[in-house]
Every structure is written in structure tokens, then in C-alpha cells.
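Q:
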Amino acid sequence: MIRVRFAPSPTGFLHLGNVRTALFNFLLAKKERGTFILRIEDTDLERSRPEFQEGIMEDLRWLGLGWDEGPGVGGPFAPYEQSKRSAIYQKYTQKLIDEGKAYYCYVTPEETEAAKKEAVLHHRPLRFDNRGRDFSTKEIDDRKARGIKPTVRFKIENPELKMHDLIRGDVAFNLDDMVGDFIIQRADGTPTFHMTVCVDDALMGITHVIRGEDHLPNTPKHILLLEGMGFKPPAYGHLSLIHGPGGEPLSKRLAAVSVREFRKKGYLPHGLANYIALLGWAPGNDREIFRWEELQQAFSLEHVGKSSSNFDPDKLNWLNGQHLRLLSDSEFTEQAMAYLLREEKLLGEEALVRRVLPVFKESVEYFEQLEEHLDFLEGYFEYDNQVLISRPESREVFEAALAVLPELTAQGDGLYQEFIDKIKPRVKAKGKDLFMPLRVALTGKEHGPELKKLFSQLGTTFLKKCFERALGRGTLYERN
Ligand code: GLU
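To convert, take the position in the sequence shown, counting from 1, and add 23; that gives our numbering.
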């Protein structure tokens, strides 16, 4: 049974890069009916913050990426926060020392730095030269006496390592060039990332590690360390980088696009997830729109590519728009209302907004755009075309409209037809000269959704106010 984990460090919110890692792990677990685990890698006490952990969990839940084991849920391998697992790491570090696979290293950080500089100077590989392995007892005693606290280093014995990456295929590492004995416990006694990741992946029974390409250089270390501790390493798959829209490296600005900001702009969680899935995965045909359940069925690791992908905001908007169209009118209204209320963007009376919302379903790609479409409901808008509103022919239309409104009896979409039928014989304006002033009087804008649909939803009370306002008699709508 597949067991995968998402292992964020709570030093910031979820952003494009790490949320994709979370999504792919989640989708893999769903597809294979496995277990998705959330593990919080909070051993960097200076940079980790509880509010980031809370934020990450909230964003994951919002996206629909609920976890089967982890903080708040529990599970057989709790605790799932690394800061609460120190004793466990300690135990495994000690075991490695006892078995001669790791050792106390009294080389100081200053010496390591100087060795690095020298290596650069002589064009030698930047790897640590393992000098601490062979210190004599006397040397060690001297250093202890000088108050030097040791790190613990894991011994690298096999210089060649080959692995099969689930995404990149066969990868070979020459460890002689890359790494020397590496630190698994710092001089202050805390375990390093390598140690905590390996111990937890092993103890939590992780079968597949899907993570960013930036971790690829760590993987040979992790394989050796796991084997050193007597565990079978999981399968690894490394996701390629996400680039900017033009293929440039994802800039700080774009890298910082957090799930939070997408939420604030009013993307649908499933629209966003669909888009993120396409950053690296493709179904093997031209299909792009996947409902949430479909995505969970369709996803497979075999179709995750190893070339980098480009984050394209226009494509995200388009795809999210497609997901909006998949909603029924009432689903759209509920979700849009929830968004407008949460973001305090509700303009006008709630009942009226609810009636009008479905009319705009085709006009927006994400909910924040509703704001500019719905501003007329509050009544403080400026007309796009004041000249048109002020023309005598237009004023004649508005006067006629006010006269006709009380006579209307039809319900629903029929209301508009009845209105038009009654107004036509009373005014000179025809065609565009009739419809355009009506449109601008109602919404302030020359473009917008189908007038017929909108008109019927506005209701005669609101319509009356609109025409009065257009005639300059709309004291109700002036700011006082
Ligand atoms: N905590 C690591 C990170 O946020 C992830 C480690 C891993 O996936 O192995 O980059």
C-alpha cells in the first residue's frame, strides 16, 4: 500500500512550488488508494512559526488536500511534528555512532570554511575532506579542552551511487565529487534535515517520496543514510522546476504567489488544483479541464514529465473560468456569495446580489472580477457614457420606462419582453439607440451580460431607481 507524505517547513505560507508537491503526493495517494501524510518539518526553531503551520494546514484544507495522518488528525506514527520527535532522532544517531557508521567530528566551522576556500582556489571539488575522521585521541582531547563541541558526521564509504528516479529515470551520482562525510547532528546537539527526513520516512513507512528537484542532490545522502540505519529507502521522484510565463526562472515575485493570494482573488480550489496539476503532469491527450474527482482518477506518475513547466497566469484564469462554468447557477451563487462576504466585497443588498449573480457567471474568470461588474448594485457608479444618458432621445426612453414599469405583470425573463413591447410605441429611439441607453442606465456600462436576463433579476423597484437616477432625479443614490 502506497504511503506518501507532504513535509513542509513552516517558515512561510504555501506557494506555487510547494503546493504542487503537496497536490502530486495527494493525487498519487488517492489514485492508488494509499495514505497521504502531513509531516511538519519544524526543526529550524528560529524560522518556524506556529502561524505558518496553521496557515499551511488551512490552505491545504481549502484546496481539498486533506491528510489521512498528521497534525490535527493523529495516526499510528504520531507525533507528526519533528520538533516533538527529538528523542527518536537522538536514538538513531547514537546507534549509528555505536556501529561505527557515524562519528563525533571536532572540526570547527572555521576550518570547514577555510577548506572550502582552498578547494575553490585549487579548483578541487567542494567536498569536505573528512579530516575529522582520523583525529588522534590527543587531538580530540585538545579540542575538547578548547571547548570545541563536536558535530556528528555520517561516513560515506561508497563513492558511486546509482538510483532510479520515478520521474527522471536512472541517475548516477559520483559522491567523491559531491559530498564528504555529512553532518547529521549539529554541534548544539540538534539533528539536521537529512537525519530527521530519513528517520521519519523510514519509521512512518513512506513508500514514495515525491519532492522538488532542488532536493535531488540530497537524495544520495538520504539513500546511504537510510541503508546505514538498516532501512530500505523509499522510491524517489523529483519534480522539475516551475518557470515564469516566458520560460524565465520563476521570479521572487511569482515564486511568492501564495495559495492565500489565489484565495483572496477568488479562484475556485478545484480550478486552481486543476491548473497546478498541469504544471508537470499531462493526461497523455489534449484534455485540460478536469473536475476534482476526475483529476484524482486521471492522475498518474508515468505522465509527469521531466521538463520544466511554465506558470502562465492567463491559462490559470481561463481554466478557472471553465470551472466556474461547470457550476450550476445556485452553486455559483453560493460560492460567489461566500467569497464576497469573506472578502468584504459585497456591494448592494444581499438578496438582490444573489438574484443577479448567475447572470455574470459567463463574464468572470475568478470572483474578484465580480466587483467591477457588480458595482452598479450599490448605485454610486459613474456612467461610461454620460453623453448618451443625457440625450433627449434617451431621456424619453427613461421617462417611458418609468411610466411602463408599474404596468408590468409578467414574471421571470418574460418581464423584459413585456417591457420592450410596451415601451417601443412610446419612444422614437429604435434598435441600438433604444437598448444602449437602457443598458448604460442599468449598469453604467456599455458592455455586459444579456440585458434580458439582467433586467428580470433586478426587479421593478430597483429598475425604477435606475431610471430616476438616469434622469437626474435619483436622490436615493447620491452620497450624502
Ligand atoms: N521540508 C522539506 C522542504 O520543505 C521537504 C523535505 C522532503 O520533501 O524530503 O523543502
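Think of the CB as a built atom: it goes at the ideal place given N, C-alpha and C, for glycine as much as any other residue.
1. Does the beta-carbon of M80 have 16 or more other beta-carbons within 10 angstroms, so that it is buried, or is it exposed?
2. Taking buried to mean at least 16 other C-beta atoms within 10 Å of its own C-beta, is Q434 buried or exposed?
3. For H261, does the three-state DSSP call read helix, strand or coil?
4. In whole angstroms, give me the CA-to-CA distance for L318 and I229.
5. Straight-line CA distance for K161 to A168?
6. DSSP state of S417, grouped into three classes?
7. How about E104: is its Cβ closer than 6 Å to a heavy atom in ligand 1?
8. Going straight from the alpha carbon of D193 to that of H187, what length do you get?
9. Three-state secondary structure (DSSP) at L486?
10. For R234, which of helix, strand or coil comes out of DSSP?
11. Taking contact to mean 3 or more Cβ pairs, one atom from each stretch, closer than 8 Å, check whether the stretch 361-376 and the stretch 254-271 are in contact.
12. Identify, in the order they occur along the chain, each residue of the same chain with its Cβ nearer than 8 Å to the Cβ of W85, setting aside the five sequence neighbours on each side.
13. Mind pulling the alpha helix (DSSP H) runs of 4 or more residues that sit fully within the stretch 272-338?
14. Suppose you measure from the CA of A52 to the CA of E236; what does that come to, to the nearest Å?
15. With burial defined as no fewer than 16 other Cβ atoms inside 10 Å of the residue's Cβ, what is the status of P214: buried or exposed?
16. Could you name the residues of the same chain whose beta carbon sits closer than 8 Å to that of P148, not counting the 5 residues immediately before and after it, in chain order?
17. Please report the distance separating the alpha-carbon of E441 from that of E385.
18. Would you be able to state if there are at least three C-beta pairs under 8 Å between the stretch 245-257 and the stretch 114-133?
19. Of all the options E366, F313, K445 and G495, which has the alpha carbon lying nearest to the alpha carbon of Y403?
20. Could you give the residue range of the alpha helix (DSSP H) that holds R84?
21. Note the first and the last residue of the continuous alpha helix (DSSP H) segment covering N48.
22. Compute the minimum distance between the beta carbon of P31 and the heavy atoms of ligand 1, and state whether it is under 6 Å.
23. By Cβ distance below 6 Å, which residues in the same chain neighbour L88 in space, the five residues on each side in sequence not counted?
24. Enumerate in chain order the residues of its own chain whose CB-to-CB distance from L477 is below 6 Å, with the five nearest sequence positions on each side excluded.
25. Beta-carbon within less than 8 Å of F355's beta-carbon, same chain only, minus the 5 sequence neighbours each way: which residues are those?
26. Taking all protein chains shown into account, decide if M504 is buried (16 or more other Cβ within 10 angstroms of its Cβ) or exposed.
27. Which of helix, strand or coil does DSSP assign to I63?
28. Report buried or exposed for G328, applying the criterion of at least 16 other Cβ atoms within 10 angstroms of its Cβ.
29. Where does Y218 land, buried or exposed, given buried means 16+ other C-beta within 10 angstroms?
30. Look at the alpha carbon of Y103 and the alpha carbon of F59, and state the distance between them as a whole number of angstroms.
31. Could you spell out the range, first to last residue, of the alpha helix (DSSP H) harbouring M201?
32. Assuming G260 and I233 form a contact by the criterion Cβ under 8 Å, report the distance between their Cβ atoms to the nearest whole angstrom.
33. Examine ligand 1 and report whether any of its heavy atoms sits within less than 6 Å of the Cβ of R234.
A: This is what the structure gives:
1. Mapped onto the sequence shown, residue 80 falls at position 57. Buried, because 16 or more other Cβ atoms sit within 10 Å of the Cβ of M80.
2. As a first step, residue 434 is located in the sequence shown; it is residue number 411 there, counting from the start. Exposed is the call here.
3. As a position in the sequence shown, residue 261 is number 238, starting the count at 1. H261 falls in the strand class under three-state DSSP.
4. Mapped onto the sequence shown, residue 318 falls at position 295. Mapped onto the sequence shown, residue 229 falls at position 206. Approximately 23 Å between the Cα atoms of the pair.
5. Within the sequence shown, numbered from 1, the residue matching residue 161 stands at position 138. Within the sequence shown, numbered from 1, the residue matching residue 168 stands at position 145. C-alpha of K161 to C-alpha of A168: approximately 10 Å in a straight line.
6. Here residue 417 refers to the residue found at position 394 of the sequence shown. DSSP places S417 in helix when its eight states are reduced to three.
7. For this step, residue 104 is matched to residue 81 along the sequence shown. The answer is no for E104.
8. Translated into the one-based positions of the sequence shown, residue 193 becomes position 170. Translated into the one-based positions of the sequence shown, residue 187 becomes position 164. Whole-angstrom Cα-Cα distance: 4 Å.
9. Taking the sequence shown and counting its residues from 1, the one referred to as residue 486 is at position 463. If DSSP states are grouped into helix, strand and coil, L486 belongs with the helices.
10. Within the sequence shown, the letter at position 211 stands for residue 234. Strand at R234.
11. They do not touch, by the three-pair rule.
12. Within the sequence shown, numbered from 1, the residue matching residue 85 stands at position 62. So the list reads V282, R286 and P292, once near-sequence residues are dropped.
13. 275-278, 282-288, 292-300 and 315-321
14. Here residue 52 is taken as the residue at index 29 of the sequence shown, counted from 1. Here residue 236 is taken as the residue at index 213 of the sequence shown, counted from 1. Distance between the alpha carbons of A52 and E236: 20 Å.
15. Stepping through the sequence shown from its first residue, residue 214 is reached at position 191. P214 should be labelled buried.
16. Start at 1 with the first residue of the sequence shown, and residue 148 comes out as number 125. So the qualifying residues of the chain are A142, D199, D200 and M201.
17. On the sequence shown, position 418 is the one that residue 441 refers to. On the sequence shown, position 362 is the one that residue 385 refers to. In a straight line, the C-alpha of E441 is about 25 Å away from that of E385.
18. yes
19. Taking the first residue of the sequence shown as 1, we reach residue 403 at position 380. Here the closest residue by C-alpha is G495.
20. Here residue 84 is taken as the residue at index 61 of the sequence shown, counted from 1. First-last of the alpha helix (DSSP H) with R84: P73 to L86.
21. In the sequence shown, counting from the first residue as 1, residue 48 sits at position 25. Here the alpha helix (DSSP H) through N48 covers L39 to K54.
22. As a position in the sequence shown, residue 31 is number 8, starting the count at 1. For ligand 1, at least one heavy atom lies less than 6 Å from the Cβ of P31.
23. In the sequence shown, counting from the first residue as 1, residue 88 sits at position 65. Taken in chain order, the residues that qualify are A45 and F49.
24. Numbered from its first residue, the sequence shown carries residue 477 at position 454. Same-chain partners within the cutoff: V382.
25. Residue 355 sits at position 332 when you count from the first residue of the sequence shown. Contacts found: L347, L380, P381 and K384.
26. Only positions 24 to 503 of the chain appear in this structure, which leaves residue 504 out of reach.
27. As a working mapping, residue 63 is identified with position 40 in the sequence shown. Three-state DSSP puts I63 in a strand.
28. What you label residue 328 is simply residue 305 of the sequence shown in a count that begins at 1. So G328 ends up on the exposed side.
29. Within the sequence shown, residue 218 is the residue found at index 195, counting from 1. Reading off the sequence, residue 218 comes out as Met, not Tyr. Label assigned to M218: buried.
30. Within the sequence shown, the letter at position 80 stands for residue 103. Within the sequence shown, the letter at position 36 stands for residue 59. Between Y103 and F59, the C-alpha separation is close to 12 Å.
31. Counting from one through the sequence shown, the residue named residue 201 turns up at place 178. First-last of the alpha helix (DSSP H) with M201: L198 to M201.
32. The sequence position of residue 260 within the sequence shown is 237, counting from 1. The sequence position of residue 233 within the sequence shown is 210, counting from 1. Contact flag correct, Cβ pair sits at about 5 Å.
33. One-based indexing of the sequence shown puts residue 234 at position 211. Because some heavy atom of ligand 1 lies under 6 Å away, the Cβ of R234 counts as near it: yes.
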